[in-house]
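Read through the structure below, which is laid out as structure tokens, and then see the notes.
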Amino acid sequence: MRIVICGGGTAGCVVAARLSEEPGCEVILLERGPHYPPGAWPSELSHAFRIIKETHDWQWFARAGASPRLVHVPRGRVVGGSSVTNGAIALRGHPEHYDEWDEWIDGWGWESWLPWFRRLEADRDHGSQPYHGADGPITISRWPRDTWFELQERFAQAAQAAGHSWVDDHNAPGALGIGPVPLNMVDGVRQTPADHYLAPALANRDNISLITGLTVDRIEMDGDRAVAVHTIDESGATARHGADAVVMALGTYATPAALLRSGIGPEDELSRHAITQRINLPVGLGMQDHPKISYRFDIGLPVPEWPNPWFQCLLTGEVEVAGERRVYQVMPYSGQNEAGQRFTDINVQVSDARSRRGRVRLGSPDPFGQPALEMGWLEDDGDRAVAVAAGEKLMTVSRTAPLADVLSPWANIADPDQVLRTVETFHHPVGTCRMGRADDPGAVTDGDGRVRDCDGLWIMDASIMARVPSANTHLAVIAMAERLADGFRSTVPS
Ligand SMILES: Cc1cc2nc3c(=O)[nH]c(=O)nc-3n(C[C@H](O)[C@H](O)[C@H](O)COP(=O)(O)OP(=O)(O)OC[C@H]3O[C@@H](n4cnc5c(N)ncnc54)[C@H](O)[C@@H]3O)c2cc1C
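Just so we're aligned: 1457 in my numbering is position 195 of the sequence shown, and the numbers increase by one with no gaps anywhere.
Quick look at the structure:
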């Protein structure tokens, strides 16, 4: 069975590696960005100390909401995808928000996720706990408190003094408070699906091949069956890759865009670009993301110089909004980048964001063009109330000793509306090809990632998530890709 996987990012690396374990599969992985084997990474990518958006990025911009402001929404353009450019924060999120998936799809509650979270990790600090894994491909560690930079230590002490509990393990089910942030990192080096899933598969099996430098244009359909993927390279040369099965893993922005270019999507969106509709599905609608609001301060402390970690601790908390428990995250960052720029930023993230007002449309049918992205952040009243309440919690910590002694707030903090107008992405968009039940008019795939009303076409990346997890999404994408690849393997004829 010849399987063409579109996108060698986080999910693509996991799915390609797992499907190549099946001797009856021939796996072809297509990716636009470059490939670096283990040990050959450029230094800015190998260090897991900060996010990378200057290089190996698609340089896409999005509308923040109703305002005309355009915001950079980074996405990795490299084998490994956004897992290679992200902050390496390795959080799972709260069980109750995975349980909410049951509203959209059967069988995806928290208990069903746990085996896959355990399978993917080797948690160096808590691997013996029943809810952790000790020998999976992705190693997870935390900076010991005696190695923390002064801002991190002062932040933690102030948070505790302001009433937040200490947590050793932010991935313990239900954990809330201040403690070390779990990271997919060993001695400062990122632990990624590219190195720990894809590389061993490429080295040890001859039924998997990786082709880089190719932009996926569209899926060729024969009736309702996917039969090939069309690509184009930088010189304009096109190619057709015949397939028995096509797996889309281009990510939350690019997967719906490729489906739309293939004629799979809503009639109004396709007709705007004179694309013939082949299958009517609600592609590109209902995007969720975590809105991030930054509170900037001057600090009277030396900042860690590159290369050193910009963050080591994390605060999570809860507020009550409209009678409901809502959760948020606060992270203090500070650092100096390779260009010598210093900064401090303490930001609030609405972790259990509810808004589904984001949307991906086609900017044009040109496969090199960027999709038109509308993020919808804080357009939901509840999300906005969480952001305001969490900002007040952050400001209480900032006014508490010993943090207060070294911080002086920037002027914008006096005006909450101004702060909210600076909303940005916390980089966790999901749900533009959401999974759902057979009778759900908002669903693009079923619970196995199979695209509805099509044969031979699957999606296995963050775009199919039914609900954004209440934490950073990297681990959840790996866990989901593991699960979907396993389900796919059970359908491969032996
Ligand atoms: C800057 C940043 C910081 C983040 N920080 C964290 C963090 O600290 N912790 C955390 O848990 N999560 C974090 N995330 C989120 C997390 O990394 C993503 O949720 C996850 O990696 C998404 O996986 P994916 O497989 O859906 O997409 P991706 O990993 O983005 O993979 C998509 C792949 O498809 C390729 N591609 C796209 N379009 C085409 C095309 N037309 N043709 C060919 N190839 C194409 C891309 O180059 C990429 O390799 C961050 C993300 C970003 C961008």
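Quick reminder that beta carbons are idealized off the backbone N, C-alpha and C, glycines included.
Practice problem: Compute the distance between the beta-carbons of Gln1453 and Thr1401, then report whether it is under 8 Å. | Solution: Contact flag set, yes.
Quiz item: CB of Asp1551 to nearest heavy atom of ligand 1: below 7 Å?
Solution: Checking the Cβ of Asp1551 against ligand 1 gives no.
Quiz item: Taking just the CA atoms, how far does Gly1398 sit from Leu1382?
Solution: In a straight line, the C-alpha of Leu1382 is about 5 Å away from that of Gly1398.
Quiz item: Quick one: is Trp1428 buried, meaning 16 or more other Cβ sit within 10 Å of its Cβ, or exposed?
Solution: Residue environment: Trp1428 is assigned as exposed (fewer than 16 neighbouring CB atoms within 10 Å of its CB, all protein chains considered).
Exercise. Measure the alpha-carbon distance for Pro1664 versus Glu1362 and round it to whole angstroms.
Key: Straight-line measurement puts the Cα of Glu1362 at about 39 Å from the Cα of Pro1664.
Quiz item: Quick one, are the C-beta atoms of Val1610 and Tyr1590 less than 8 Å apart?
Solution: In this structure, Tyr1590 lies closer than 8 Å to Val1610 by Cβ.
Quiz prompt | Beta-carbon contacts of Arg1604 that lie in its chain and below 7 Å, excluding the five residues immediately before and after | solution = Here the set comprises Val1565 and Gln1598.
Exercise. Write down every uninterrupted run of the beta strand (DSSP E) in the region 1689-1743 whose length is 3 residues or greater and which is fully enclosed by it, in chain order.
Key: Listed in chain order, the complete beta strand (DSSP E) runs (minimum 3 residues) inside the region 1689-1743 are 1719-1721.
Quiz item: Is Gly1475 near ligand 1, judged by its Cβ being under 7 Å from some heavy atom?
Solution: Using a cutoff of 7 Å, the CB of Gly1475 does not count as near ligand 1, since none of the ligand's heavy atoms is closer than that.
Quiz item: Straight-line CA distance for Val1333 to Ala1324?
Solution: Distance between the alpha carbons of Val1333 and Ala1324 is about 5 Å.
Quiz item: How close, in whole Å, do the beta carbons of Val1451 and Leu1292 come, if the pair is a contact with beta carbons under 8 Å?
Solution: That belief does not hold up - the Cβ atoms of Val1451 and Leu1292 are roughly 27 Å apart, past 8 Å.
Exercise. Output the distance between the C-alpha atoms of Gln1685 and Arg1619, rounded to the nearest integer angstrom.
Key: The displayed chain sequence assigns Val, not Gln, to residue 1685. Cα to Cα, Val1685 sits roughly 15 Å from Arg1619.
Exercise. Name, in chain order, the residues that DSSP records as bridge partners for Lys1554.
Key: Its beta-bridge partners are Gln1611 and Glu1686.
Quiz item: Between which two residues does the beta strand (DSSP E) containing Phe1323 stretch?
Solution: Its beta strand (DSSP E) spans residues Phe1323 to Arg1325.
Practice problem: Provide the residue span of the alpha helix (DSSP H) that contains His1359, from first to last. | Solution: Where His1359 is concerned, the enclosing alpha helix (DSSP H) starts and stops at Pro1357 to Asp1361.
Quiz item: How is Gly1389 classed by DSSP in three states: helix, strand or coil?
Solution: Annotated three-state conformation of Gly1389 is coil, per DSSP.
Quiz item: Using the rule of at least 16 other Cβ atoms within 10 Å of the residue's Cβ for burial, across every protein chain shown, is Asn1446 buried or exposed?
Solution: Flag for Asn1446 reads buried.
Quiz item: From Arg1416 to His1426, what does the alpha carbon distance come to, in whole angstroms?
Solution: In a straight line, the C-alpha of Arg1416 is about 14 Å away from that of His1426.
Practice problem: Just tell me which of Ile1608, Met1637 and Gly1631 has its CA closest to the CA of Arg1616. | Solution: Out of Ile1608, Met1637 and Gly1631, the CA that lies nearest to the CA of Arg1616 is found in Met1637.
Practice problem: Would you check if the distance between the CB atom of Ala1747 and the CB atom of Arg1380 is smaller than 8 Å? | Solution: Cβ distance not < 8 Å, so Ala1747 and Arg1380 don't count as in contact.
Quiz item: At a cut of 8 Å, does the region 1729-1745 reach the region 1517-1532 through at least three beta carbon pairs?
Solution: The answer is no - the region 1517-1532 does not touch the region 1729-1745, with fewer than three Cβ pairs under 8 Å.
Quiz item: When the distance is taken between beta carbons, is Ser1596 closer than 8 Å to Ile1561?
Solution: When the beta-carbon positions are compared, Ile1561 and Ser1596 come within less than 8 Å of each other.
Quiz item: Going by the C-beta, is Asp1723 closer than 7 Å to any heavy atom of ligand 1?
Solution: Checking the 7 Å criterion, the Cβ of Asp1723 is within range of a heavy atom belonging to ligand 1.
Quiz prompt | First and last residue of the uninterrupted alpha helix (DSSP H) at Cys1275 | solution = Thr1272 to Leu1281 is the span of the alpha helix (DSSP H), which, as asked, contains Cys1275.
Quiz item: Is Leu1737 near ligand 1, with its Cβ less than 7 Å from a heavy atom?
Solution: Here the distance from the Cβ of Leu1737 to the nearest heavy atom of ligand 1 is below 7 Å.
Practice problem: Go ahead and pull the three-state DSSP assignment for Arg1354. | Solution: It is coil, neither helix nor strand.
Quiz item: Looking at Cys1287 and Asn1469, is the spacing between their C-beta atoms short of 8 Å?
Solution: Against a cut-off of 8 Å, the Cβ pair of Cys1287 and Asn1469 comes out as a contact.
Quiz item: Which partner residues does Trp1572 have in the DSSP bridge list?
Solution: In the DSSP output, where bridge partners are listed per residue, Trp1572 has none listed.
Quiz item: For Gly1749, does the three-state DSSP call read helix, strand or coil?
Solution: Here Gly1749 carries a helix assignment [DSSP, helix/strand/coil].
Exercise. Report the rounded CA-to-CA distance for His1535 versus Pro1528, giving the unit in angstroms.
Key: The alpha-carbon of His1535 is positioned some 12 Å away from that of Pro1528.
Quiz item: Curious, which full-length beta strand (DSSP E) runs of at least 3 residues does the region 1461-1524 contain?
Solution: Within the region 1461-1524, the beta strand (DSSP E) runs of at least 3 residues that lie entirely inside it are, in chain order, 1470-1474, 1476-1484, 1487-1495, 1500-1504 and 1507-1510.
Quiz item: Sorry if obvious, but does the Cβ on Arg1294 come closer than 7 Å to a heavy atom of ligand 1?
Solution: Checking the Cβ of Arg1294 against ligand 1 gives yes.
Exercise. Could you tell me if the beta carbon of Leu1512 falls within a distance shorter than 7 Å of some heavy atom in ligand 1?
Key: Because some heavy atom of ligand 1 lies under 7 Å away, the Cβ of Leu1512 counts as near it: yes.
Quiz item: Roughly how many whole angstroms lie between the Cα atoms of Trp1320 and Arg1339?
Solution: Computed Cα separation, rounded: 6 Å.
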